[in-house]
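Peer 1: Sharing a structure with you now.
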Amino acid sequence: MIEVILGDITNLEVDSIVNAANENMVHGGGVAEAIADAAGEEFIKESRDFINKRGRLKVGDAVYTGSGNLKNKGVKYVIHAVGPRGGNKDLLEKVVRNIFELAKRIGVRSIALPAVSCGIFGFDKKLGSKLIFEISKEHEGNFKKIILISLDKEIIDYWNKLK
Numbered sequence: 005m006i007e008v009i010l011g012d013i014t015n016l017e018v019d020s021i022v023n024a025a026n027e028n029m030v031h032g033g034g035v036a037e038a039i040a041d042a043a044g045e046e047f048i049k050e051s052r053d054f055i056n057k058r059g060r061l062k063v064g065d066a067v068y069t070g071s072g073n074l075k076n077k078g079v080k081y082v083i084h085a086v087g088p089r090g091g092n093k094d095l096l097e098k099v100v101r102n103i104f105e106l107a108k109r110i111g112v113r114s115i116a117l118p119a120v121s122c123g124i125f126g127f128d129k130k131l132g133s134k135l136i137f138e139i140s141k142e143h144e145g146n147f148k149k150i151i152l153i154s155l156d157k158e159i160i161d162y163w164n165k166l167k
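Under our numbering, the first residue of the sequence shown is numbered 5, with each subsequent residue one higher.
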């Protein structure tokens, strides 16, 4: 089942939330900053250590870490997804598919996704939210719950029209 919620991703009780990350997993703005603020120092350190060990991520990559303080809400993992800046539809499709493949591989049953790339990365909101919704729909049978969440009412309206 796909649920659409206007709200803060850090307030959800799901197995995994998706972080719209940059290549260095520096959580400096948008949903990434909100997640880092809620997850705390342990999460920030784990992100830094991940990059120090593995190196920079590439656009299209999806990787996971623990959830820091969000464990207290039942969140087991944060999936860090590097979406494209601007309008590369193929790269957005790649990262969203990688999110779901990784979530399945690590045993996630419920997942919350923001509108990856549609905020500070500048991807067209209507096109991006449609693509995210369509790929989420393809994976509906693999999860108990998929939540599409945003603080942007325009994106929520797009998703609700697609339901």
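Yeah, the Cβ is synthetic: ideal placement off N, Cα and C, and Gly gets one too.
Check LYS134 in the structure and name its three-state DSSP category.
Peer 2: Indexing the sequence shown from 1 puts residue 134 at position 130. Residue state, collapsed to three classes: helix.
Peer 1: Would you call the CB atoms of ILE150 and VAL22 closer than 7 Å?
Peer 2: By 1-based counting over the sequence shown, the position of residue 150 is 146. By 1-based counting over the sequence shown, the position of residue 22 is 18. Against a cut-off of 7 Å, the Cβ pair of VAL22 and ILE150 comes out as no contact.
Peer 1: What ranges does the beta strand (DSSP E) occupy inside the segment 78-120, keeping only unbroken runs of at least 3 residues that lie completely in it?
Peer 2: Segments of the beta strand (DSSP E) lying fully in the segment 78-120: 81-86, 114-117.
Peer 1: Are GLY126 and GLY90 touching if we call contact CB-CB under 7 Å?
Peer 2: One-based indexing of the sequence shown puts residue 126 at position 122. One-based indexing of the sequence shown puts residue 90 at position 86. In this structure, GLY90 lies closer than 7 Å to GLY126 by Cβ.
Peer 1: Report buried or exposed for ASP53, applying the criterion of at least 16 other Cβ atoms within 10 angstroms of its Cβ.
Peer 2: On the sequence shown, position 49 is the one that residue 53 refers to. Exposed is the call here.
Peer 1: Mind checking who ASN23 pairs with in its DSSP beta bridge?
Peer 2: As a first step, residue 23 must be located in the sequence shown, where it is residue number 19. DSSP, once it has assigned bridges, lists HIS84 as partnering ASN23.
Peer 1: DSSP on SER51, reduced to helix/strand/coil?
Peer 2: Walking along the sequence shown from the start, residue 51 turns up at place 47. Three-state result, SER51: helix.
Peer 1: Can you pull the DSSP bridge partners for ALA66?
Peer 2: Here the question's residue 66 lines up with position 62 in the sequence shown. Per DSSP, ALA85.
Peer 1: Can you list, in chain order, the residues of its chain with a C-beta nearer than 6 Å to that of GLY44? Leave out the 5 residues immediately preceding and following it.
Peer 2: In the sequence shown, counting from the first residue as 1, residue 44 sits at position 40. Result list for GLY44: GLY72, ASN73, in chain order.
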